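*Asks:*
Residue numbers (full-length UniProt numbering), protein chains in the order written: chain P, 1 to 373; chain V, 1 to 373; chain A, 1 to 373; chain L, 1 to 373.
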C-alpha cells in the first residue's frame with residue numbers, strides 16, 4: 001500500500017532524551033518504517049508518577065437530561081437495530097466518545113407508555129438505577145422485574161433482556177454498563193432476541209426476588225457461587241432502611257458508619273458476598289444533614305447520581321452544587337469531597353472490581369479540615 | 001513402670017492374616033511392648049468399604065425432652081461452673097458420651113423466668129434454634145438478640161455470650177455445637193466472662209440485624225469476608241416466606257424446589273455466601289402435604305428437629321413417625337427418606353462443611369419408588 | 001431390647017453442680033433412660049480452658065522399629081486382605097488404638113525383595129517418607145514412582161496404588177495417613193484393585209515428575225487446581241538443596257530461615273501453592289549445628305521423624321535425645337523445643353490443614369531463653 | 001469557555017435509526033451541547049456481534065528489530081528520564097501508539113557493555129524474555145538475576161529494578177508489560193530509584209531462585225499467597241526439559257500434550273499455581289516437526305516471539321513464514337493456526353488473566369482440516 005506509515009515520532013527535549021542529530025532523525029524514520037516507537041519519547045505520557053486520567057470531572061444536570069430524553073421520546077423510535085432509547089454521558093476529556101469515564105458507560109434511558117425495548121443479550125455487564133418514576137418491567141430471561149423509584153436492578157452479561165412499559169406514563173432511568181471497558185478489551189459479543197418481551201405480566205415481585213430476596217437464605221437448588229448476582233432487584237425499602245439503621249446506630253453510640261454522618265451500603269452478590277457484577281461496583285451513600293466527608297481519592301473511575309437532597313461536591317479542582325438526578329464523574333485519583341445541606345442521598349457506581357481483581361487498587365484518605373468546613 | 005502396656009493385639013483369622021504360630025505371638029508381644037499395632041489386624045475396622053458409623057439412627061421425642069428439661073429447671077441452678085442448663089442427646093452407639101453423632105452436639109436448653117446464663121466464650125461454634133416459645137435474649141458481645149419461635153441464631157466460636165430471660169415464663173430451645181469435633185481435634189479454648197449479661201435490654205431487633213439483615217446489602221464498614229456469619233438472627237418470617245415462595249413457584253411451573261414438593265433453604269454467611277459457621281451446616285426443609293423425598297445418603301452426620309407437621313422418617317433400617325419437636329440423627333452414609341402427612345417442616349444441621357473443606361464429601365441419591373409410596 | 005441403657009451419669013461436686021438430692025438422682029435416671037447427658041457434669045472434660053489432648057508425648061526408636069519390621073517380614077505375608085505389612089505407632093494415651101495422635105496414623109512399612117503390596121484405593125490421604133534404602137516403586141494409577149532415601153511421596157485419597165520391590169534387598173519406609181481422622185469422621189471408602197501392580201518397570205523418574213517436576217512450570221493440559229498434588233515424588237536432592245540454600249543465604253546476611261539456624265520447607269501442591277493433601281501438612285526442617293528453636297505450641301497434632309543428625313527434643317514435660325529414624329509425636333498445644341548437636345534433619349507431618357480450613361488454628365511462640373541453652 | 005463542544009453526532013441510516021428531520025438534527029445539537037451521545041448511532045461500533053479489534057495482525061522481523069536496536073545503542077544513551085533503551089512494537093491499527101495490542105506492550109530492549117539502566121519502580125507488571133545472548137543482570141529489590149538465552153524473568157509491579165550489563169558485549173532482549181492496559185485504566189504510579197544498580201555482583205543464581213526454585217517446595221518464611229510470583233527467573237533448562245518430556249510422554253503413548261505434536265507450559269506463581277502476574281499470562285509452546293495446530297480463537301490479545309525453528313503462522317487473514325526472533329500479534333477473536341517445519345519453539349504472552357478474572361474469557365477451537373494441510 002502507498003499509505004504513509006501511521007507511526008510518527010517526534011524527537012523530544014528534556015531529561016533522558018538523546019541529542020537531536022540527523023543520525024537520530026534517520027533512526028526515528030527507521031523506527032517509523034518498521035512500526036516501532038521508542039519508550040523514551042513516550043514515557044512521560046505513558047508512565048506518569050500518578051494516574052493522569054484524560055477524563056475530566058464533570059456534572060450533568062437532571063434538569064438538562066430529562067427534557068432531552070423526553071424530546072427523544074417524541075422523535076426517536078425504539079426498535080431493532082437501535083435497540084434502546086439511551087443517551088450517554090460523554091466525558092469532555094474523552095474525544096467526544098459516549099464514555100462517562102474511560103471504563104464506564106452512563107446513560108439516561110426513556111420509554112414511552114406501552115412501549116417495548118426489544119430483547120437482546122450482550123457480554124457487557126449492566127444495571128439500571130431508578131431515580132424517579134415507575135411503570136416499566138425489565139424482563140430478564142423471561143422473568144419480569146418491576147422498576148420503581150430507588151430500586152437498583154443489576155443485569156449481568158449474556159442474559160436475555162428487554163424492557164416493557166405497562167403504564168400510561170413514560171419512564172426514565174439511568175443505565176450503567178462496562179461498555180467502554182469491554183470495547184477496549186475487545187471482549188464484546190451481542191445477540192438479538194425477540195422484538196417484544198416474552199412475558200408482559202407485571203408482578204409485584206420477580207421470581208428472582210422470590211428465590212433470592214431473603215436475607216442470609218439460599219435456595220438449595222442454587223449452591224454454587226456465580227460470578228454475578230442472581231438477585232435481579234435491590235428494592236429501595238431495604239436500601240433506605242439499611243442506611244437509616246446505620247445512622248440510628250451511630251446516634252446510639254455504636255460504630256456503624258463509614259465516618260460521622262456518612263452511612264453507606266454496597267450492593268452484593270448473595271452467592272459470594274462480593275460485588276454484584278464482575279466489572280462494576282455499586283453503592284448507595286447517605287449523608288446526614290450538614291455532613292462533610294473526608295477527602296478520598298482512589299484508583300479507578302466513579303459515577304454518582306444524586307437521589308435526594310442537596311449538597312456540594314468537589315472533585316479535584318471542580319466543584320458543583322448538586323440536587324436530585326444530577327450525575328457527576330470522578331476520574332481516577334482525583335480527590336472527592338461531599339458536603340450535604342439538609343441531607344444527601346447518592347447512588348454510586350465504579351470500576352473498582354477491575355482494579356481490585358488485578359491488584360491495581362489504591363486509596364488515599366485526607367481527613368476533613370474542620371476549620372474550613 | 002510396671003503397669004502393663006495398653007496395647008493388646010489379637011491374632012486374627014481370615015484373608016490376609018498370617019498363620020497363628022508361637023513366633024507370631026512373640027512378634028505381637030514385641031509390638032505391644034513398643035506400642036505398635038499392625039495394620040493387618042485392624043484394617044477391617046479402620047478401612048471399611050464404605051463408612052460404618054458407630055453412631056446409630058435414633059429419635060428423641062419432644063414429649064420426653066421437654067418434661068425432663070422442665071424438671072431440671074426445678075432442680076438444677078444455672079451458674080458459673082455448670083454454665084448452662086443444657087441436656088445433650090447421647091447417641092446409643094457412642095459409649096454414653098453426650099454426642100448426638102461423632103462430630104455433633106445437640107441439646108435442649110432451658111431457662112427459668114428472669115434467669116441469666118452467665119457470659120463465657122469458647123472456640124466451639126454454636127447455634128440455637130427455637131422450636132417454640134420466646135422471652136429470652138441471647139447477648140452476643142453485648143448485643144441483645146431476641147429468640148423467638150422459628151428463629152435460627154448462630155453463635156460463632158470465640159464470641160462472648162450469655163442468655164437472659166426477660167419474661168415471666170420459662171423458655172426451652174435447642175443448641176447445636178461442634179463440641180465432639182473440637183474435643184476430638186483437641187482445639188478447644190474456653191474463657192469465663194461476667195456472671196450476668198452486660199445489657200439486659202430487650203430490643204425487637206439486634207444491632208447485628210440492623211447492620212446485616214438487608215438482603216444483598218453490605219455495610220461499607222465491613223467489607224472483608226469473615227469465617228462465620230456476622231448476622232446473629234435469621235428470623236422465622238423470612239425462612240417461612242422463602243419456603244412458601246419456592247412451593248408457590250413450583251406450583252406456577254418454575255424450577256425452585258430440590259425435588260417435587262420439597263422446598264429448602266440453607267442459612268448462609270452474607271460475607272461469603274457459604275455456610276454460617278466453619279464446621280456446621282444449617283438448613284430448613286419444608287415438605288408439602290403427601291410428599292416423599294428421594295432416598296439420600298451422604299458422608300457426614302446430620303441432626304434434624306421437626307418444627308411443624310407430621311410424617312414418617314426412615315434412616316437406614318430405622319423408621320419413626322415424627323411430630324413437633326422430635327429430634328433424630330442420621331449417621332454418615334445411612335440413607336434418609338422423609339414422607340410428610342399434612343405437611344412437614346424440619347430444621348437440619350450437619351457437619352458437611354468439615355467434609356467439604358477437606359474434600360471428603362460424597363452424596364448418593366436413590367429416586368423414590370413411587371409404586372411403594 | 002432388655003439391655004441396659006449405655007448412658008450413666010454421675011452426680012458431680014464443685015462449682016456449678018446442683019445439690020445431690022434424691023430428686024436429682026431420679027432426674028439423672030430419667031436422663032439415662034432417654035439417652036440424655038447434662039452439660040454441667042461433662043463441661044470440665046469437654047470444654048477445657050485450653051486443649052487437653054488425651055494423646056501423650058512419646059518417642060519410638062528406629063532401633064526398635066526396624067528389627068520388629070524385619071521380623072514381620074519373615075513371619076507375615078503381604079497379600080489381599082491384610083493389604084500392607086505396616087506396623088503403626090499406638091499413642092500410649094489413646095486406648096491402644098493404632099493412632100499416633102487422635103487424627104494421625106504413622107507406621108513403618110516393610111517389603112521383601114521382589115514382593116508386591118496389592119493394588120487398592122481408599123479415601124484416606126497418605127504419603128510415604130523414606131528415611132533410608134531404596135528399591136521399591138510405588139505404582140500410582142499405573143505410574144511407577146521410585147522410592148529412595150530422603151524422598152517424600154504423597155498419595156492422595158482415591159487413587160489406585162500398589163508397591164513393588166524390584167530389588168534383591170528388603171526396604172522399609174514410613175507411611176503417614178489420616179486414617180484416625182477419617183475413621184472419626186465416618187468418611188472412609190475402600191476398593192480392591194489387582195493383586196499385583198500393573199506396571200513393573202522401574203523408571204528413574206515417574207511420568208508425574210516428568211509432567212510436574214519443573215519449578216514454576218505447569219503443563220497446559222492441566223490448568224485447574226486440584227485438591228491434592230499431582231506431583232508424586234519430591235526428591236531428596238531438591239529438599240536438601242533448598243535447605244542448604246536457606247542456611248547459606250542466612251550466612252550471607254539475608255532473611256531466609258524461620259529463626260537463626262533453622263531452615264524449613266513445606267511440601268506444596270503446585271496447582272495451588274497450598275498443602276499437598278487436604279488433611280495433612282508435610283514439612284522438612286534442618287537445624288544447623290548447635291541450634292535451639294523457640295518453644296512453639298500450636299493447635300493440632302504432629303509427628304516427626306529424625307532423618308539425620310542428633311539432638312534433644314522437648315515436648316511438654318517429656319524430653320528425649322533423638323537420632324536417625326526416631327519418631328516422636330507432639331500432641332495439640334504441647335510446647336515443642338528442638339536442640340541440635342552436630343546438626344539435625346527432621347521430617348514432620350501434621351493435621352494443620354484440618355484446623356486451618358476450619359479456622360481452629362492457633363500458634364504460640366516462646367522465645368528461647370538463651371541463658372539456659 | 002468559548003471552545004466548541006467536543007461532541008459531534010452524525011445522524012445515521014439503517015435499521016433502528018430515526019428519520020432524519022430538522023427536529024432530529026436540533027435534538028442532536030442539544031445532545032452535543034450537553035455532552036451527550038445516543039446509543040443508537042454508536043451501537044454498531046460499540047456492541048458488535050463478536051469482538052472487532054482495532055488491532056491488526058502483524059509480524060515484526062528480528063532481522064529488522066535487532067539492527068535498529070543496535071543503532072539506537074550507538075545514538076541513544078540510557079539514563080534518568082528516558083529510563084530504558086526500549087523500542088516498542090506499534091500495532092498498525094492503533095493510531096501509531098506504542099501498543100502491540102490494545103492492552104499489551106512489547107519492546108526490544110538493548111544494553112551496551114558495562115551499561116546500567118537506572119533503578120525505578122512502577123505499578124505496571126513486566127517481564128523479560130531472552131531470545132539470545134547473555135551478560136545482563138536485572139537487579140530486583142537488590143537481588144541480581146542473570147538473564148540468559150531462553151530465560152523468562154517476571155517483574156511484578158511496584159518492585160525496584162534496574163539492569164546492569166557486566167559483560168563486554170551488548171545484549172538485547174524483549175520486554176512485555178501491561179502499559180497500555182494501565183494507561184487505559186488510569187492506574188499507573190512511578191518512582192525513581194538510584195541511577196545505578198545497588199548490587200553489581202553477577203551470581204549464577206539469584207537469591208529468589210535459591211529460595212523459590214525448588215519444585216513443590218515452599219520456604220516456611222513465606223506462606224501467604226502473593227498476587228505475583230516471587231520466583232524471578234524461570235530458566236531455559238527447565239522449560240526445555242518440561243517440553244521435551246511432554247513430547248517424549250506422547251511418543252510413549254501417554255496424554256501429555258495439548259494436541260498431537262504440541263507441547264506447552266505455562267509459567268506460574270508457586271504461591272498460587274496461577275499466572276505469574278495479575279494481568280499477564282506467559283507460556284512457552286513447542287511444535288514437533290511437521291505439526292499443525294487446530295485453529296484457535298480466544299477473547300483477548302496475544303504476542304508471540306519465535307525462539308527457535310521455522311514455520312508458518314496464520315492469524316485471521318494474515319499469514320507469515322516465521323523464524324528466530326520474529327514477533328507477531330494475535331488480536332482478540334482472530335483465529336490462530338501454527339505450522340512447524342523442522343520444529344518450532346514459541347514464547348507467548350497475553351492479557352488472558354484480565355479477561356478470566358472478569359469472566360470475559362471465551363475460547364473456540366476449530367479442528368485442523370487434515371485434507372487441506
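Glycine included, every Cβ here is placed at the ideal spot set by N, Cα and C.
Given the structure is predicted, the values throughout are model-derived calculations rather than measurements.
Given a cut-off of 8 angstroms on the beta-carbon distance, is the pair residue 348 of chain A and residue 307 of chain A in contact?
*Replies:* No.
*Asks:* Since residue 182 of chain V meets chain A, which of its residues come closer than 8 angstroms, beta carbon to beta carbon?
*Replies:* Here the neighbours are 360.
*Asks:* Throw me the rounded Cβ distance for the residue 293 of chain L and residue 338 of chain L pair, which I believe falls under 8 angstroms.
*Replies:* About 5 angstroms; that satisfies the 8 angstroms criterion.
*Asks:* Where does residue 4 of chain L fall in DSSP's three states?
*Replies:* Annotation note: pLDDT 45 at residue 4 of chain L (below 50); position unreliable, coordinate value reported separately. DSSP places residue 4 of chain L in coil when its eight states are reduced to three.
*Asks:* Leaving out five residues on either side along the sequence, give the residues of the same chain with a beta carbon under 7 angstroms from the beta carbon of residue 316 of chain P.
*Replies:* Excluding residues within five positions, the ones whose Cβ falls inside 7 angstroms are 57, 334 and 335.
*Asks:* Which stretch, first to last residue, makes up the beta strand (DSSP E) that contains residue 129 of chain A?
*Replies:* From DSSP, the beta strand (DSSP E) with residue 129 of chain A extends over 126 to 129.
*Asks:* Tell me the DSSP secondary structure of residue 367 of chain L in three-state form.
*Replies:* Note: residue 367 of chain L maps to coil in three-state DSSP.
*Asks:* Mind checking if residue 207 of chain L is an interface residue toward chain A, Cβ cutoff 8 angstroms exclusive?
*Replies:* Closer than 8 angstroms to some Cβ of chain A, the Cβ of residue 207 of chain L qualifies, so yes.
*Asks:* Using only CA atoms, which one of A/219, A/288 and A/273 lies nearest to residue 245 of chain A?
*Replies:* Residue 245 of chain A has its Cα closest to that of A/288, out of A/219, A/288 and A/273.
*Asks:* At the level of alpha carbons, what is the spacing between residue 240 of chain A and residue 358 of chain P?
*Replies:* Straight-line Cα distance between these residues: approximately 36 angstroms.
*Asks:* Taking the alpha helix (DSSP H) that residue 374 of chain V falls in, what are its first and last residues?
*Replies:* Nothing can be reported for residue 374 of chain V, as the shown portion of chain V is limited to 1 through 373.
*Asks:* Confirm, please, whether the CB-CB distance from residue 274 of chain L to residue 268 of chain A is below 8 angstroms.
*Replies:* No, the Cβ-Cβ distance between residue 268 of chain A and residue 274 of chain L is not below 8 angstroms.
*Asks:* Kindly say whether residue 221 of chain P, judged by its beta-carbon, lies nearer than 8 angstroms to any beta-carbon of chain V.
*Replies:* Closer than 8 angstroms: yes.
*Asks:* Quick one: which chain L residues come within Cβ less than 8 angstroms of residue 240 of chain P?
*Replies:* The premise fails here: residue 240 of chain P is roughly 30 angstroms from chain L at the closest Cβ pair, so nothing lies under 8 angstroms.
*Asks:* List the endpoints of the continuous alpha helix (DSSP H) containing residue 354 of chain V.
*Replies:* Counting along the chain, the alpha helix (DSSP H) containing residue 354 of chain V begins and ends at 352 to 357.
*Asks:* Evaluate residue 325 of chain P with the Cβ neighbour count: other Cβ atoms within 10 Å of its Cβ, from every protein chain shown; 16 or more gives buried, anything less gives exposed.
*Replies:* Classification of residue 325 of chain P: buried, given that the 10 Å Cβ count is 16 or more.
*Asks:* Taking only beta-carbon positions, decide if residue 8 of chain L is within less than 8 angstroms of chain P.
*Replies:* Interface residue, yes.
*Asks:* Closest to residue 188 of chain L by C-alpha separation, out of P/67, P/35, P/341 and P/300, would be which residue?
*Replies:* Nearest C-alpha to residue 188 of chain L: P/300.
*Asks:* Which full runs of the alpha helix (DSSP H) of 4+ residues lie inside the stretch 160 to 193 of chain L, going along the chain?
*Replies:* You should have 179 to 185.
*Asks:* To test your reading of the DSSP string, which unbroken beta strand (DSSP E) runs of 3 or more residues are found completely within the stretch 58 to 121 of chain A?
*Replies:* Taking only runs of at least 3 residues, the beta strand (DSSP E) segments lying wholly in the stretch 58 to 121 of chain A are 58 to 60, 86 to 89 and 105 to 111.
*Asks:* Per the contact definition of three or more C-beta pairs closer than 8 angstroms, is the stretch 126 to 141 of chain P in contact with the stretch 83 to 95 of chain P?
*Replies:* Contact fails: fewer than three Cβ-Cβ distances are below 8 angstroms.
*Asks:* Could you pull out every residue in the same chain whose Cβ sits closer than 6 angstroms to the Cβ of residue 235 of chain V, ignoring the five residues on either side in sequence?
*Replies:* So the qualifying residues of the chain are 151.
*Asks:* Helix, strand or coil: how does DSSP classify residue 236 of chain P here?
*Replies:* Note: residue 236 of chain P maps to helix in three-state DSSP.
*Asks:* Would you list, in sequence order, the uninterrupted beta strand (DSSP E) runs of no fewer than 3 residues that lie entirely inside the stretch 200 to 284 of chain P?
*Replies:* Listed in chain order, the complete beta strand (DSSP E) runs (minimum 3 residues) inside the stretch 200 to 284 of chain P are 217 to 219 and 262 to 267.
*Asks:* Do the stretch 170 to 177 of chain V and the stretch 116 to 130 of chain V touch if we need at least three Cβ pairs shorter than 8 angstroms?
*Replies:* Result yes; three or more Cβ-Cβ pairs closer than 8 angstroms.
*Asks:* Buried or exposed: residue 201 of chain A, going by 16 or more other Cβ atoms within 10 Å of its Cβ?
*Replies:* Looking at its Cβ environment, which holds fewer than 16 other Cβ atoms inside 10 Å, residue 201 of chain A is exposed.
*Asks:* So which residues of chain A does residue 210 of chain L contact, with C-beta pairs closer than 7 angstroms?
*Replies:* Neighbours of residue 210 of chain L on chain A, chain order: 245 and 249.
*Asks:* Of all the options L/54, L/41, L/309 and L/233, which has the alpha carbon lying nearest to the alpha carbon of residue 206 of chain L?
*Replies:* Nearest option by C-alpha distance: L/233.
*Asks:* With residue 312 of chain P as the anchor, note down where its beta strand (DSSP E) starts and where it stops.
*Replies:* That run of the beta strand (DSSP E) goes 302 to 315.
*Asks:* Report all residues from its chain with a CB closer than 6 angstroms to the CB of residue 160 of chain P; omit the five preceding and five following residues, and keep chain order.
*Replies:* 119, 121, 141 and 193.
*Asks:* Hey, is residue 190 of chain L's beta-carbon within less than 8 angstroms of any beta-carbon in chain P?
*Replies:* Answer yes: the Cβ-Cβ gap between residue 190 of chain L and chain P drops below 8 angstroms somewhere.
*Asks:* How many Å lie between residue 6 of chain V and residue 92 of chain A at the Cα?
*Replies:* Each residue's Cα considered, the two are about 7 angstroms apart.
*Asks:* Would you kindly report the start and end of the unbroken alpha helix (DSSP H) that includes residue 30 of chain P?
*Replies:* First-last of the alpha helix (DSSP H) with residue 30 of chain P: 22 to 33.
*Asks:* Find the residues of chain V that neighbour residue 117 of chain A, judging by a C-beta separation of less than 9 angstroms, and give them in chain order.
*Replies:* Per Cβ cutoff of 9 angstroms: no residues; residue 117 of chain A is ~11 angstroms from chain V at best.
*Asks:* Quick check: residue 66 of chain V and residue 172 of chain V, are their CB atoms within less than 8 angstroms of each other?
*Replies:* Yes; because the gap between Cβ atoms is below 8 angstroms, this pair is in contact.
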